[in-house]
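Peer 1: Before anything else, here's the structure in question.
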DNA sequence: CGGACAAGCTGA
DNA sequence: CAGCTTGTCCGG
């Protein structure tokens, strides 16, 4: 902030440095501050740039302008924006995920104009902590280390932990920033804290300018004791950050899909490190990344065992082939047995994979060779090109076919027939529509079903091998994450005899054993050396470069020391380095050619 | 990103 | 060579 006294003491005009809010520009420009205008680092301004008006952020004040430049004045000072430390953090994240600061600062900026943030309204006395008797013993152990990873079973109540984390931050004279995987969870948590009298800012506005969102932003900046939100809240303003907490650290929603593919957990952990605040990440199944970063804290075995619920395994190899692999007698029992049942089958559509009953040749489209073929009204129709043909095997002329793969829609029909009552379908395609009728007892869907329903008495994974064998290096962790999510649905206030049913051809798979024995540590122990041996993260740092001008980018990238360059495969290069320092320094040293190039650091799906 | 400006193409 | 398209450059 510059006062009148300073302007009197010097004839030099006031100049500030501005980073434009333009995705393609990663460069700062100097502007004059009009007389009588007060401007500080982080303020949101409008500037005249190359003949048009654009937004931007003040990244430095009291700038000595380069001589010989004719500076333009700021067009407008709109309001408050990300603080200086968040601007620095955006610079770090731009390096870490090979992106541009503007796209990160946009996340950090308020969702509307904030004229002032007001004063801290933090209570002088600490927030009403839960009685010591109600606080589980592991809460204090989890809050003790500067960098802790709490492995907490899916069914365990995390609220006492959140409460204690906020109270400890308030006691230390500041605030606690809490991340949840979804906005819905963040809203629920914020609501509960507020009802208990904790001053809370919920950073859960849905993008765009919104009065309510700007209000919450101002409240967070002004000193709310708890600041809560989903991924984007890693960039929330916080006055006097004294503690950070990430719930369900393993959840993939913490990573941004578009480049820069920043991860909220990693951003928040770095943010805490910079201000010396303790950080705690929590998960039923901590990632190898988290385990490599912090001190593992576990709960007593009985607590962990109770929180994973009961898991039952059906070995699909033992099933009667006539029934097919999806509808085991155990599944039918469970679904008929009553209670709310969610069935998960990670495939959409009606398309089936059909094989000839006589010669086992897979039925394909005669025109395009697609195997995504659907049978209706006695003939085959191709799901890709629509060509129709009679239901006859092209190889042997056989007319009988068996089903190799069932989509959700078809499975719903068959399940409905089996249990003799309505079964509702829930897939990503139905998200946003009406939520599955509360009176439909049985639902079937893709993994989205686990996100869309609030609770279930039982969850059935109809074909878990689909998850275990997914062609992604993290598929094993992700599969355990699914089981954890399902276990939480079942545990949540469940008085019934709830359980998880997992149908698989690999009943002894480490993922299934980990969930069954409520011991995710077993999986981590087997997975870590495997990743190292195969050269996958977190034993290395990786990036994938793709897009139209990827060849030009890779040309400019060259062959820096320590970075292995693989590919191109389908127009994408893979970069592998021993750590992020080496990888990100090499990426930062590369000029981007004009055109589209996507640099995905820490790629999810490889 | 998107405006400015230059170089290239077309048609009479 | 006007009038338009296409491409490259650069912003204070």
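In our numbering, the protein residues as written are 2 to 607.
Every residue, glycine too, gets a C-beta built ideally from N, C-alpha and C.
None of these values were measured; they are calculated from a predicted model.
The beta strand (DSSP E) with residue 211 in it runs from where to where?
Peer 2: Here residue 211 is taken as the residue at index 210 of the first chain, counted from 1. Where residue 211 is concerned, there is no enclosing beta strand (DSSP E), given that its DSSP letter is neither H nor E.
Peer 1: Is it buried or exposed, residue 102, if we count other Cβ atoms within 10 angstroms and call 16 or more buried?
Peer 2: Walking along the first chain from the start, residue 102 turns up at place 101. Under this definition residue 102 is a buried residue.
Peer 1: Going by beta carbon distance, what residues of the same chain come within less than 7 Å of residue 399, once the five residues before and after it are set aside?
Peer 2: To locate residue 399, count along the first chain from 1; it is residue 398. Once the five neighbours on either side are set aside, the close Cβ partners of residue 399 are 357, 358, 359 and 360.
Peer 1: Please classify residue 125 as buried or exposed, where buried requires at least 16 neighbouring CB atoms within 10 angstroms.
Peer 2: For the purposes of this step, residue 125 is taken as the residue at position 124 of the first chain. With a pLDDT of 43 at residue 125, under the threshold of 50, the modelled position of this residue cannot be trusted, and the question is left open.
Peer 1: How is the beta strand (DSSP E) around residue 242 delimited, first residue to last?
Peer 2: By one-based count along the first chain, residue 242 stands at place 241. 242-248 is the span of the beta strand (DSSP E), which, as asked, contains residue 242.
Peer 1: Mind reading off the beta-carbon distance from residue 31 to residue 76? Whole number of angstroms is fine, and I expect it under 8 Å.
Peer 2: As a position in the first chain, residue 31 is number 30, starting the count at 1. As a position in the first chain, residue 76 is number 75, starting the count at 1. Residue 31 to residue 76, Cβ: 14 Å. No contact.
Peer 1: Would you mind stating whether residue 245 and residue 255 have Cβ atoms separated by less than 9 Å?
Peer 2: Reading the first chain from its first residue, position 244 is the one you call residue 245. Reading the first chain from its first residue, position 254 is the one you call residue 255. No, Cβ-Cβ distance for residue 245 and residue 255 is not below 9 Å.
Peer 1: Have a look at the DSSP bridge pairing and note the partners of residue 316.
Peer 2: The residue given as residue 316 occupies position 315 in the first chain. BP columns for residue 316 point to 505.
Peer 1: For residue 259, count neighbouring Cβ atoms within 10 angstroms of its own Cβ and tell me buried if that reaches 16, exposed if not.
Peer 2: In the first chain, the residue the question calls residue 259 occupies position 258. When all chains shown are included, residue 259 counts as exposed.
Peer 1: According to DSSP, is residue 580 part of a helix, a strand, or is it coil?
Peer 2: For the purposes of this step, residue 580 is taken as the residue at position 579 of the first chain. Residue 580: coil per DSSP, three-state reduction.
Peer 1: What's the gap between the Cα of residue 169 and the Cα of residue 227?
Peer 2: Numbered from 1 along the first chain, position 168 holds the residue referred to as residue 169. Numbered from 1 along the first chain, position 226 holds the residue referred to as residue 227. Each residue's Cα considered, the two are about 11 Å apart.
Peer 1: I believe residue 267 touches residue 182 by the beta-carbon criterion, under 8 Å. Please report the beta-carbon distance rounded to the nearest angstrom.
Peer 2: For the purposes of this step, residue 267 is identified with residue 266 of the first chain, where counting begins at 1. For the purposes of this step, residue 182 is identified with residue 181 of the first chain, where counting begins at 1. With 8 Å as the limit, residue 267 and residue 182 do not qualify as a contact, their Cβ atoms being about 15 Å apart.
Peer 1: Alpha helix (DSSP H) containing residue 160: first to last residue?
Peer 2: Counting from 1 along the first chain, the entry for residue 160 is found at position 159. First-last of the alpha helix (DSSP H) with residue 160: 160-172.
Peer 1: Relative to the C-alpha of residue 368, which residue among 383, 355, 362 and 379 is closest?
Peer 2: Here residue 368 is taken as the residue at index 367 of the first chain, counted from 1. Among 383, 355, 362 and 379, the Cα nearest to that of residue 368 belongs to 383.
Peer 1: If you draw a straight line from the alpha carbon of residue 105 to that of residue 331, how long is it in whole angstroms?
Peer 2: Within the first chain, numbered from 1, the residue matching residue 105 stands at position 104. Within the first chain, numbered from 1, the residue matching residue 331 stands at position 330. Residue 105 and residue 331: Cα-Cα distance of roughly 49 Å.
Peer 1: On a Cα-Cα basis, can you pick out the residue from 387, 190 and 82 that is closest to residue 236?
Peer 2: Residue mapping note: residue 236 aligns to position 235 of the first chain, counting from 1. Selected option, being the one with the closest Cα: 82.
Peer 1: Report all residues from its chain with a CB closer than 6 Å to the CB of residue 219; omit the five preceding and five following residues, and keep chain order.
Peer 2: In the first chain, the residue the question calls residue 219 occupies position 218. Only 115 and 118 meet the Cβ criterion.
Peer 1: What are the boundary residues of the alpha helix (DSSP H) that includes residue 410?
Peer 2: As a first step, residue 410 is located in the first chain; it is residue number 409 there, counting from the start. Residues 409-420.
Peer 1: For residue 595 and residue 462, what's the separation of their Cα atoms in angstroms?
Peer 2: Translated into the one-based positions of the first chain, residue 595 becomes position 594. Translated into the one-based positions of the first chain, residue 462 becomes position 461. Looking at the two C-alpha atoms, the distance is approximately 47 Å.
Peer 1: I'd like to confirm the pairing. Which residues does DSSP put opposite residue 1 in its beta bridges?
Peer 2: Residue numbering for the chain in the displayed model covers 2 to 607; residue 1 lies beyond these limits and cannot be assessed.
Peer 1: If you follow the alpha helix (DSSP H) that residue 554 is part of, which residue opens it and which one closes it?
Peer 2: Residue mapping note: residue 554 aligns to position 553 of the first chain, counting from 1. Here the alpha helix (DSSP H) through residue 554 covers 551-558.
Peer 1: Round the Cβ separation of residue 241 and residue 174 to the nearest angstrom and send it over; I've been treating them as touching at under 8 Å.
Peer 2: On the first chain, position 240 is the one that residue 241 refers to. On the first chain, position 173 is the one that residue 174 refers to. At roughly 6 Å, the Cβ-Cβ gap stays under 8 Å, so residue 241 and residue 174 are in contact.
Peer 1: To the nearest angstrom, how far is the alpha carbon of residue 592 from that of residue 548?
Peer 2: Residue mapping note: residue 592 aligns to position 591 of the first chain, counting from 1. Residue mapping note: residue 548 aligns to position 547 of the first chain, counting from 1. Approximately 15 Å, taken between the alpha carbons.
Peer 1: Just curious, the beta strand (DSSP E) that residue 88 is in, first and last residue?
Peer 2: Taking the first residue of the first chain as 1, we reach residue 88 at position 87. Run containing residue 88: none in the beta strand (DSSP E); it sits in the alpha helix (DSSP H), 85-97.
Peer 1: Which residue marks the beginning of the beta strand (DSSP E) containing residue 229, and which one marks its end?
Peer 2: Sequence index remark: in the first chain, residue 229 carries index 228 (1-based). Segment 227-230, the beta strand (DSSP E) holding residue 229.
Peer 1: Answer with buried or exposed for residue 426, where buried requires no fewer than 16 other C-beta atoms within 10 angstroms of its C-beta.
Peer 2: For the purposes of this step, residue 426 is identified with residue 425 of the first chain, where counting begins at 1. Residue 426 should be labelled buried.
Peer 1: Hey, residue 1 and residue 152: beta-carbon distance below 9 Å or not?
Peer 2: Lying outside 2 to 607, the shown extent of the chain, residue 1 is not represented and no answer is given.
Peer 1: Hey, could you find the ends of the beta strand (DSSP E) residue 513 is sitting in?
Peer 2: What you label residue 513 is simply residue 512 of the first chain in a count that begins at 1. Per DSSP, residue 513 belongs to no beta strand (DSSP E); it is in the alpha helix (DSSP H), 511-517.
Peer 1: Below 7 Å CB to CB, which residues in the same chain sit around residue 64 once its five sequence neighbours on both sides are set aside?
Peer 2: As a position in the first chain, residue 64 is number 63, starting the count at 1. Closer than 7 Å at the Cβ level, and outside the excluded window around residue 64, lie 16, 17, 18 and 31.
Peer 1: Where residue 578 and residue 586 are concerned, what is the direct C-alpha to C-alpha distance, given to the nearest angstrom?
Peer 2: As a position in the first chain, residue 578 is number 577, starting the count at 1. As a position in the first chain, residue 586 is number 585, starting the count at 1. Each residue's alpha carbon lies about 11 Å from the other.
Peer 1: Would residue 1 pass as a contact of residue 502 if the rule is Cβ separation under 9 Å?
Peer 2: Not covered by the structure: residue 1. The range shown for the chain is 2 to 607.
Peer 1: Which value, in whole angstroms, describes the spacing of the CA atoms of residue 278 and residue 233?
Peer 2: Residue numbering aside, residue 278 sits at position 277 when the first chain is read from its first letter. Residue numbering aside, residue 233 sits at position 232 when the first chain is read from its first letter. If I take the Cα positions, the gap works out to 19 Å.
Peer 1: Which partner residues of residue 544 appear in the DSSP bridge assignment?
Peer 2: Along the first chain, read from residue 1 onward, the residue named residue 544 stands at position 543. Answer is 576 and 602.
Peer 1: Please classify residue 162 as buried or exposed, where buried requires at least 16 neighbouring CB atoms within 10 angstroms.
Peer 2: Along the first chain, read from residue 1 onward, the residue named residue 162 stands at position 161. The residue in question, residue 162, is buried, as its Cβ has 16 or more Cβ neighbours within 10 Å.
Peer 1: With distances taken from CA atoms, which of 180, 505, 444 and 487 is nearest residue 467?
Peer 2: Here residue 467 corresponds to residue number 466 of the first chain, with the count starting at 1. The shortest C-alpha separation from residue 467 is found at 505.
Peer 1: Taking just the CA atoms, how far does residue 299 sit from residue 415?
Peer 2: By 1-based counting over the first chain, the position of residue 415 is 414. By 1-based counting over the first chain, the position of residue 299 is 298. Each residue's Cα considered, the two are about 43 Å apart.
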